[in-house]
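Have a look at the structure below before the remarks.
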Amino acid sequence: ERIAEFYRRQFQFILVDEYQDTNKIQADLVDLLARDHRNVMVVGDDAQSIYSWRGANFQNILEFPKRYPDAQVFKIEMNYRSVPEILQVANAAIAANVQQFRKHLSATRESKALKPALVALNDGAEQAQFVTQRILELRDENVDLNDIAVLYRAHYHAVELQLELSRRGIPYQITSGIRFFEQAHIKDVTSFIRFVANPRDEVAFNRMVKLLPGIGNRTAENLWQAWAAGITDPIDNFGERLQAMHVPAKSKTLWPQLAHTLDEIAPGGQPNPPSEMITSIVEAIYDDYAKVNFTNYELRREDLDQLAVFARQFKDVHEFLSQLALISNVDAEATPVQTGDKEAINLSTVHQAKGLEFHTVFVIWLTDGMFPSSRSLNARDALEEERRLFYVAITRARDELYLTYPQMRLSGGYGDVFQRPSRFLQEIPNDLVEDWQVRRS
28 ERIAEFYRRQ
38 FQFILVDEYQ
48 DTNKIQADLV
58 DLLARDHRNV
68 MVVGDDAQSI
78 YSWRGANFQN
88 ILEFPKRYPD
98 AQVFKIEMNY
108 RSVPEILQVA
118 NAAIAANVQQ
128 FRKHLSATRE
138 SKALKPALVA
148 LNDGAEQAQF
158 VTQRILELRD
168 ENVDLNDIAV
178 LYRAHYHAVE
188 LQLELSRRGI
198 PYQITSGIRF
208 FEQAHIKDVT
218 SFIRFVANPR
228 DEVAFNRMVK
238 LLPGIGNRTA
248 ENLWQAWAAG
258 ITDPIDNFGE
268 RLQAMHVPAK
278 SKTLWPQLAH
288 TLDEIAPGGQ
298 PNPPSEMITS
308 IVEAIYDDYA
318 KVNFTNYELR
328 REDLDQLAVF
338 ARQFKDVHEF
348 LSQLALISNV
358 DAEATPVQTG
368 DKEAINLSTV
378 HQAKGLEFHT
388 VFVIWLTDGM
398 FPSSRSLNAR
408 DALEEERRLF
418 YVAITRARDE
428 LYLTYPQMRL
438 SGGYGDVFQR
448 PSRFLQEIPN
458 DLVEDWQVRR
468 S
């Protein structure tokens with residue numbers, strides 16, 4: 028108590044910014060410091076409280092007037108960023124939330140008479156084609172690529188788009204992390220596939236065996252030398268050859284499982300379809316490895332499930348690997364680097380884009396189960412946070428906004444699955460958006 032009293036006297040006025048992102052301990056600390064003088068000013072936007080998964084407590088800002096009954100609440104509702112058409116959609120998007128300080132954003136900018144576009148596409152591939160084509164048109168209209176962003180709920184939602192951008196030669200940078208196919212867990216699983224497709228791939232072999240305990244760089248190199256010395260064409264039994272090798276004591280338990288898995292994904296030395304191989308690798312070996320080695324296991328598992336879905340379009344392993352080579356640097360095992368182009372499209376999760384702004388924003392995969400995420404659909408608080416996340420995505424746009432939703436998507440084991448448009452889209456009045464129809468040749 029003496030320490031608390033000392034700091035209360037030292038700090039007579041307290042200002043807290045981004046208050047909607049504070050956790051319970053931080054809010055309690057502010058309350059303790061201000062207990063006597065109550066000279067507190069907090070600044071925040073409850074509509075942008077999107078970090079509960081990081082410990083932020085939305086109730087801190089919501090209940091501030093209850094904890095400080097004499098507080099004055101000032102609502103800043105003038106928006107200097109976006110055109111009126113975008114703000115109308117933003118206001119409608121957040122209106123359904125029960126827990127909020129009601130606000131109505133008004134624009135200082137003049138109308139551009141261009142409503143946000145609502146675009147229904149067949150599937151993820153057509154969505155990627157639409158976005159890339161519209162980006163090229165915007166570039167022709169003198170919009171800088173740096174001033175265009177594609178936002179999504181989860182990192183794996185951008186898989187098809189990254190591939191299409193690479194095919195079309197459009198430079199892009201990943202604001203939300205490294206590129207999908209350059210992530211460690213994606214490289215780990217695809218190393219199995221690369222190895223059975225080419226048993227002379229030393230990089231793939233080393234990456235694969237180092238997943239086992241007791242195998243580091245030197246041991247992997249020794250194992251490779253033993254493997255390479257006995258390679259003959261064709262290889263019709265990976266497992267038998269691996270079982271004959273001498274491995275460290277720590278690896279002996281899992282080594283037979285590795286051998287069995289290679290036989291399972293390439294029976295008789297012939298690789299199965301890529302999607303089947305990915306599922307087998309994850310279930311037999313990698314899922315257990317990921318649970319132990321990654322704190323964000325669930326997100327990585329989502330990525331791997333999406334990798335299997337993505338691979339369903341390829342029946343031949345070499346076609347699959349050639350597509351991966353287009354948009355990754357796995358062959359060189361180099362450190363991933365962002366594009367060196369002066370201009371590049373910004374790809375980002377909505378969480379990573381908070382605080383940023385762009386001339387044009389595409390929000391993709393707006394379907395129930397994707398955005399909002401499937402984990403939030405049956406929990407009110409979680410769904411309201413997803414709606415706030417949608418609001419943040421919309422308000423990143425200054426001039427143009429495109430909301431896209433594929434009507435079908437590939438699902439592992441289920442084939443093509445029909446998608447419901449995001450419930451957030453259904454909450455926006457029809458007269459606030461313009462329905463775009465995509466011409467199909």
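Quick note, in our numbering, the sequence shown goes up one by one and the last residue is 468. Each residue gets a CB set at the ideal place from its N, CA and C atoms; glycine is no exception.
**Prompt:** If we ignore side chains and look at the alpha-carbon of each, how far apart do E7 and S375 end up?
**Reply:** The question about residue 7 has no answer, for the chain in this structure spans 28 to 468.
**Touch test, the stretch 408-426 against the stretch 146-164, Cβ-Cβ under 8 Å, three pairs minimum** = no
**Request:** Using only alpha-carbon positions, find the residue among V419, L59, A185 that is nearest to Q37.
**Result:** As a working note, residue 37 is residue 10 in the sequence shown. Of the listed residues, the one whose Cα sits closest to Q37 is L59.
**Request:** Starting from the Cα of L428, find the closest Cα among V146, R94, P301, D215 and give me that residue.
**Result:** If you number the sequence shown from 1, residue 428 lands on position 401. When each option's Cα is compared against that of L428, the closest is V146.
**Message:** Between which two residues does the beta strand (DSSP E) holding P433 run?
**Reply:** Counting from 1 along the sequence shown, the entry for residue 433 is found at position 406. Here the beta strand (DSSP E) through P433 covers 424-433.
**Prompt:** Are the beta-carbon atoms belonging to D426 and H386 less than 7 Å from one another?
**Reply:** Indexing the sequence shown from 1 puts residue 426 at position 399. Indexing the sequence shown from 1 puts residue 386 at position 359. Yes, these two residues count as a Cβ contact at 7 Å.
**Prompt:** What residues match up with Y78 in a beta bridge as DSSP calls it?
**Reply:** Translated into the one-based positions of the sequence shown, residue 78 becomes position 51. Paired residues: none, contrary to the question.
**Request:** Kindly indicate which residue of N106, K369, R327, E191 has the alpha-carbon position closest to the one of H182.
**Result:** Stepping through the sequence shown from its first residue, residue 182 is reached at position 155. Ranking N106, K369, R327, E191 by Cα distance to H182 puts R327 first.
**Request:** Kindly indicate the opening and closing residues of the alpha helix (DSSP H) around F302.
**Result:** Indexing the sequence shown from 1 puts residue 302 at position 275. Phe is not the amino acid found at residue 302; the sequence shown has Ser there. Segment 301-308, the alpha helix (DSSP H) holding S302.
**Request:** Would you check if the distance between the CB atom of E45 and the CB atom of G71 is smaller than 7 Å?
**Result:** By one-based count along the sequence shown, residue 45 stands at place 18. By one-based count along the sequence shown, residue 71 stands at place 44. Going by C-beta atoms, E45 is nearer than 7 Å to G71.
**C-alpha distance - P298 paired with L165, whole-angstrom precision** = Within the sequence shown, residue 298 is the residue found at index 271, counting from 1. Within the sequence shown, residue 165 is the residue found at index 138, counting from 1. About 43 Å.
**Asked** Under the rule that 16 or more other beta-carbon atoms within 10 Å means buried, what is N118, buried or exposed?
**Response** Residue 118 sits at position 91 when you count from the first residue of the sequence shown. N118 should be labelled buried.
**Request:** Would you tell me roughly how many angstroms separate the C-alpha atoms of Q115 and L459, rounded to the nearest one?
**Result:** Taking the sequence shown and counting its residues from 1, one reaches residue 115 at position 88. Taking the sequence shown and counting its residues from 1, one reaches residue 459 at position 432. Between Q115 and L459, the C-alpha separation is close to 7 Å.
**Request:** With distances taken Cα to Cα, identify the nearest neighbour of R81 among N50, I103, I162, R65.
**Result:** The sequence position of residue 81 within the sequence shown is 54, counting from 1. Comparing Cα-Cα distances from R81 to each of N50, I103, I162, R65, the minimum goes to N50.
**Message:** Quick check on the DSSP output: what are the complete beta strand (DSSP E) runs of length 3 or more inside the stretch 51-135, in order along the chain?
**Reply:** 67-69
**Asked** Cα separation between H64 and Q53?
**Response** Position 37 of the sequence shown, counted from the start, is the residue given in the question as residue 64. Position 26 of the sequence shown, counted from the start, is the residue given in the question as residue 53. Computed Cα separation, rounded: 18 Å.
**Item:** Helix, strand or coil at N373 according to DSSP, with G and I counted as helix
**Value:** Locating residue 373 in the sequence shown gives position 346, where the first residue counts as 1. Strand.
**Request:** Kindly give me the distance between the Cβ atoms of I305 and Y199, rounded to whole angstroms, as I take these residues to be in contact under 8 Å.
**Result:** Walking along the sequence shown from the start, residue 305 turns up at place 278. Walking along the sequence shown from the start, residue 199 turns up at place 172. Not confirmed; about 25 Å, so no contact.
**Request:** Grab me the residues of D171's own chain with a C-beta within less than 7 Å of its C-beta, minus the 5 sequence neighbours each way, in chain order.
**Result:** Locating residue 171 in the sequence shown gives position 144, where the first residue counts as 1. Result list for D171: E370, in chain order.
**Request:** May I have the straight-line CA-CA distance separating L285 from I103, to the nearest angstrom?
**Result:** For the purposes of this step, residue 285 is identified with residue 258 of the sequence shown, where counting begins at 1. For the purposes of this step, residue 103 is identified with residue 76 of the sequence shown, where counting begins at 1. Each residue's Cα considered, the two are about 60 Å apart.
**Asked** Among residues of its own chain, excluding the 5 on either side of E303, which ones have a beta-carbon nearer than 8 Å to its beta-carbon?
**Response** One-based indexing of the sequence shown puts residue 303 at position 276. Once the five neighbours on either side are set aside, the close Cβ partners of E303 are I292.
**Best match in R268, V69, V216, N169 for proximity to D332 [C-alpha to C-alpha]** = What you label residue 332 is simply residue 305 of the sequence shown in a count that begins at 1. Cα-wise, what sits closest to D332 is V216.
**Prompt:** Which same chain residues, not among the five before or five after N477, have their C-beta less than 8 Å away from its C-beta?
**Reply:** Since the first residue shown for the chain is 28 and the last is 468, residue 477 is missing from the structure and cannot be characterised.
**Message:** Out of E187, T259, I242, S307, which one is the CA nearest neighbour of A276?
**Reply:** As a first step, residue 276 is located in the sequence shown; it is residue number 249 there, counting from the start. When only C-alpha atoms are compared, the closest one is I242.
**Message:** Could you compute how far the alpha carbon of H131 sits from the alpha carbon of P111?
**Reply:** To locate residue 131, count along the sequence shown from 1; it is residue 104. To locate residue 111, count along the sequence shown from 1; it is residue 84. The alpha-carbon atoms of H131 and P111 are separated by roughly 12 Å.
**Prompt:** With 16 other CB atoms within 10 Å as the buried threshold, where does N405 fall?
**Reply:** Within the sequence shown, the letter at position 378 stands for residue 405. Per the 10 Å Cβ criterion, exposed.
**Prompt:** Which term fits R467, buried or exposed, when burial requires 16 or more other beta carbons within 10 angstroms of its beta carbon?
**Reply:** As a working mapping, residue 467 is identified with position 440 in the sequence shown. By the 10 Å Cβ count, R467 comes out exposed.
**Request:** Decide if the stretch 443-458 is in contact with the stretch 394-403; the criterion is three or more beta carbon pairs, one per stretch, under 8 Å apart.
**Result:** yes
**Asked** If you run the structure through DSSP and keep just helix, strand and coil, what is G296?
**Response** Position 269 of the sequence shown, counted from the first residue, corresponds to residue 296. Three-state result, G296: helix.
**Message:** Beta-carbon within less than 7 Å of S79's beta-carbon, same chain only, minus the 5 sequence neighbours each way: which residues are those?
**Reply:** Sequence index remark: in the sequence shown, residue 79 carries index 52 (1-based). F85, E412, listed in sequence order.
**Message:** Need the endpoints of the alpha helix (DSSP H) that F451 sits in, please.
**Reply:** Locating residue 451 in the sequence shown gives position 424, counting from the first residue. 450-453 is the span of the alpha helix (DSSP H), which, as asked, contains F451.
**Item:** The alpha helix (DSSP H) enclosing D315, as first and last residue numbers
**Value:** For the purposes of this step, residue 315 is identified with residue 288 of the sequence shown, where counting begins at 1. It spans 314-320 - the alpha helix (DSSP H) in which D315 sits, taken as one unbroken run.
**Request:** Give the DSSP bridge partners of V146, in chain order.
**Result:** Residue 146 sits at position 119 when you count from the first residue of the sequence shown. BP columns for V146 point to T431, W463.
**Message:** In this structure, how does DSSP classify F341 when only helix, strand and coil are distinguished?
**Reply:** Here residue 341 refers to the residue found at position 314 of the sequence shown. Correct three-state label for F341: coil.
**Asked** By the 10 Å Cβ neighbour count, where 16 or more other Cβ atoms means buried, how is A361 classified, buried or exposed?
**Response** As a working mapping, residue 361 is identified with position 334 in the sequence shown. Reliability fails at A361, whose pLDDT of 33 lies under 50, so the model's placement of it is uncertain and no value is given.
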